[in-house]
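Following: one structure in structure tokens, then a few remarks.
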Amino acid sequence: MTSPAAAGSIRLDKLLWYLRLARSRSLAQAVIAAGHIRLDGRRVTRASCAVHAGQVLVLPVGEHIAVLRLLALPARRGPASEAAAHYRRLDAGAAPLAS
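Okay, structure coming up:
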């Protein structure tokens with residue numbers, strides 16, 4: 061079986077879980093289904109939506125809205141420091157994301 065990074069895309073719900081932006085895949089799926097996620101400016105409501113490196117995600121994190129550019133796709137759900145290395149915050153004056 062190939063890793064998500066080798067395939068060039070990953071499911072959106074899995075990505076949110078891998079990057080520690082959601083505590084579980086089912087919570088990620090609920091946020092996506094509610095229409096709270098934007099991918100390159102388009103609202104996404106399918107958890108199976110394919111995400112590629114270089115795309116921009118806009119999503120709620122706690123009480124704030126985070127704007128992230130994906131630098132690379134993670135191969136696993138690792139520690140928070142490893143997860144943070146896969147994206148760059150684009151919103152000005154942003155506080156670090158809590159995991």
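All the letters of the sequence shown, read from the start, carry residue numbers 61 to 159 under this note's numbering. We treat Cβ as the ideally placed atom computed from N, Cα and C, and that holds for glycine.
Nearest to LEU119 by C-alpha distance, out of ASP151, PRO134, ILE70, is ASP151. DSSP places ALA126 within a strand segment (E or B) once states are collapsed to three.
8 Å or more divides the Cβ of LEU133 from the Cβ of TYR147. A distance below 6 Å between beta-carbons, with the five flanking residues on each side excluded, links LEU81 to no residue of its chain.
Excluding residues up to 5 positions away in sequence, LEU72 lie with their Cβ nearer than 6 Å to the Cβ of CYS109 in the same chain. In this structure, DSSP gives LEU133 a state outside helix and strand, which the three-state scheme calls coil.
Taken through DSSP and simplified to helix, strand or coil, LEU75 comes out as helix.
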